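Asker: 17 is the number of the first residue of the sequence shown in my numbering; add one for each residue after it. All C-beta atoms, glycine included, are put in the ideal place defined by N, C-alpha and C. Here the structure is a predicted model, which means the values were calculated and not measured. Below are the structure tokens for one structure; questions will follow.
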Amino acid sequence: MSKPRVAFFDFSSCEGCQLQIVNLEEAVIDVIKLVDIVAFREAMKEHSDDYDIAIVEGSITRPMDVERIKKIRENAKILIALGACAHLGGVQRLGNQWTPEENKAEVYSRHPGGPESTGDDNPFFEKPRHLALDEVVKVDYVIPGCPIDKGEFAKVLIALLTGKKPPIPDYPVCVECKKKENICMFEIGKFCMGPLARAGCGAACPSAGNECEACRGYVSDPHNNAHMEVLKKYGLTPQEIMQRNTMFTYRYIEEAKGGV
Ligand code: SF4
Ligand code: SF4
Ligand code: SF4
Numbered sequence: 017m018s019k020p021r022v023a024f025f026d027f028s029s030c031e032g033c034q035l036q037i038v039n040l041e042e043a044v045i046d047v048i049k050l051v052d053i054v055a056f057r058e059a060m061k062e063h064s065d066d067y068d069i070a071i072v073e074g075s076i077t078r079p080m081d082v083e084r085i086k087k088i089r090e091n092a093k094i095l096i097a098l099g100a101c102a103h104l105g106g107v108q109r110l111g112n113q114w115t116p117e118e119n120k121a122e123v124y125s126r127h128p129g130g131p132e133s134t135g136d137d138n139p140f141f142e143k144p145r146h147l148a149l150d151e152v153v154k155v156d157y158v159i160p161g162c163p164i165d166k167g168e169f170a171k172v173l174i175a176l177l178t179g180k181k182p183p184i185p186d187y188p189v190c191v192e193c194k195k196k197e198n199i200c201m202f203e204i205g206k207f208c209m210g211p212l213a214r215a216g217c218g219a220a221c222p223s224a225g226n227e228c229e230a231c232r233g234y235v236s237d238p239h240n241n242a243h244m245e246v247l248k249k250y251g252l253t254p255q256e257i258m259q260r261n262t263m264f265t266y267r268y269i270e271e272a273k274g275g276v
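Structure (structure tokens):
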């Protein structure tokens with residue numbers, strides 16, 4: 017029986033999630049052997065547009081990206097969003113708060129050559145709004161995180177190949193954090209998105225003394241109001257809450273405002 021054909025694609029991203037897969041350890045490479053990889057720009061020269069599963073990294077930004085992802089969707093039986101850029105629109109989605117002109121002035125005026133060097137007709141500035149994949153095409157599965165966890169990638173692939181539901185947790189990071197008996201970030205005057213963030217990372221950030229910024233997105237039924245009350249209780253102003261609530265999760269704020 018022929019193996020499922022898998023192709024990797026990238027849009028606006030740092031390519032760090034694909035790098036996680038390139039760097040798979042031996043045990044996980046065995047999983048990859050269960051499929052035929054027919055396109056993976058970061059790892060091989062060969063390319064085929066005949067594939068069953070498309071694994072896509074990055075946010076959709078330009079009109080030409082919309083056309084490209086629609087074509088990928090047409091070709092694929094299954095489409096997987098890989099990492100926070102594809103899942104949520106990524107850190108770059110923060111740029112949706114400002115107009116293209118404001119972003120351009122802020123970023124390029126600081127660099128030698130300035131905005132003139134990019135040219136006003138540069139297609140990047142046509143309509144640069146960062147969107148998650150599922151805001152443009154149907155997405156079948158998401159592997160969350162920035163970057164993704166290689167072990168979780170392997171588990172999702174095995175589940176797909178064996179006809180099972182991919183095992184992505186739907187409870188908050190706090191659950192994993194409490195199990196590890198970490199001191200809560202709030203108790204030491206820090207901020208944390210753990211009550212809203214989707215678990216599966218083993219509470220990686222709080223376990224290392226860092227604040228969780230919900231790179232894996234929110235659980236499907238997050239208790240936003242309760243989280244806000246906790247933040248206020250620990251003395252954060254609405255402006256501070258807004259600034260720190262948005263690293264990976266500006267998508268939710270746009271959706272709460274009524275869409276993008
Ligand atoms: S999710 Fe993070 S690691 Fe993955 S491509 Fe986006 S920025 Fe890079
Ligand atoms: S540190 Fe963060 S993840 Fe851990 S219990 Fe506190 S709020 Fe939850
Ligand atoms: S603790 Fe939060 S920010 Fe850190 S990896 Fe987990 S979900 Fe992402």
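What does DSSP give as the partner residue(s) for S28 in the beta ladder?
Answerer: Answer by DSSP bridge pairing, in chain order: S75.
Asker: Do three or more CB pairs link the segment 48-68 to the segment 114-121 at distances below 8 Å?
Answerer: The segment 48-68, when compared against the segment 114-121, does not touch it at the 8 Å Cβ threshold.
Asker: Whose C-beta lies closer than 6 Å to the C-beta of V189 among residues of the same chain, with five residues either side of it excluded?
Answerer: G210, A213, A215, A219 and C228.
Asker: Tell me the residue span of the alpha helix (DSSP H) that contains V172.
Answerer: First-last of the alpha helix (DSSP H) with V172: K166 to L177.
Asker: Could you name the residues of the same chain whose beta carbon sits closer than 7 Å to that of Q34, not counting the 5 residues immediately before and after it, in chain order?
Answerer: Cβ within range, chain order: F24, D26, E58 and E73.
Asker: So, at 7 Å on beta carbons, what are the nonlocal neighbours of A89 in its own chain, with the 5 sequence-adjacent residues on each side left out?
Answerer: First, the amino acid is wrong: residue 89 is Arg here, not Ala. Around R89: L95, V153 and K154.
Asker: In three-state DSSP terms, what is H239?
Answerer: It is coil, neither helix nor strand.
Asker: Quick one: give me the first and last residue of the beta strand (DSSP E) that I96 is part of.
Answerer: Counting along the chain, the beta strand (DSSP E) containing I96 begins and ends at I94 to L98.
Asker: With DSSP collapsed to three states, give me the class of P254.
Answerer: Residue state, collapsed to three classes: helix.
Asker: So, helix, strand or coil for V82, using DSSP?
Answerer: In the structure shown, V82 sits in a helix (DSSP, three-state: H, G or I).
Asker: State buried or exposed for G135, treating a residue as buried only when at least 16 other CB atoms are found within 10 Å of its CB.
Answerer: Note that G135 scores a pLDDT of 44, beneath 50, so its modelled location is shaky; the value from the coordinates is reported in the next line. With fewer than 16 other Cβ atoms within 10 Å, it is exposed.
Asker: Among all the DSSP beta bridges, which residues are the ones paired with R21?
Answerer: R21 is bridged to D52.
Asker: Rounded to a whole number of angstroms, what is the C-alpha to C-alpha distance between S125 and S18?
Answerer: Whole-angstrom Cα-Cα distance: 53 Å.
Asker: If you follow the beta strand (DSSP E) that Y67 is in, where does it begin and where does it stop?
Answerer: Unbroken run through Y67: none, as it is neither H nor E.
Asker: To which residues does DSSP link G161 through a beta bridge?
Answerer: In the DSSP output, where bridge partners are listed per residue, G161 has I164.
Asker: Under a Cβ-count criterion, where at least 16 other Cβ atoms within 10 Å of its own Cβ denotes burial, should D186 be classed as buried or exposed?
Answerer: Exposed.
Asker: Measure from the alpha carbon of D81 to the alpha carbon of each residue in N198, G167 and S29, then state which is nearest.
Answerer: Considering only alpha carbons, the answer is S29.
Asker: Which of helix, strand or coil does DSSP assign to E132?
Answerer: Confidence is the limiting factor: at E132 the pLDDT is only 49, short of 50, which leaves the residue's position unreliable and the question unanswerable from this model.
Asker: Using the DSSP secondary-structure output, state which residues sit across from A213 in a beta bridge.
Answerer: Paired residues: Y234.
Asker: Please list the terminal residues of the continuous alpha helix (DSSP H) segment that includes I182.
Answerer: Inspection of the sequence shows that residue 182 is occupied by Pro rather than by Ile. Premise fails: P182 is in no alpha helix (DSSP H) and is neither H nor E.
Asker: Rank H146, E271, R78 and A170 by C-alpha distance to the C-alpha of I71 and give the top, closest one.
Answerer: When only C-alpha atoms are compared, the closest one is A170.
Asker: Give me the Cα-Cα distance between G111 and H146, rounded to the nearest whole angstrom.
Answerer: Roughly 8 Å between the two C-alpha positions.
Asker: Return the residue from the list S223, C217, G225 and K206 that minimises the CA-CA distance to N261.
Answerer: Measuring from the Cα of N261, the nearest candidate turns out to be K206.
Asker: Measure the alpha-carbon distance for V22 versus D52 and round it to whole angstroms.
Answerer: Their Cα atoms are separated by approximately 6 Å.
Asker: Cα-Cα, which of A92, P79 and K166 is closest to Q48?
Answerer: According to the sequence as given, residue 48 is Ile; it is not Gln. Considering only alpha carbons, the answer is K166.
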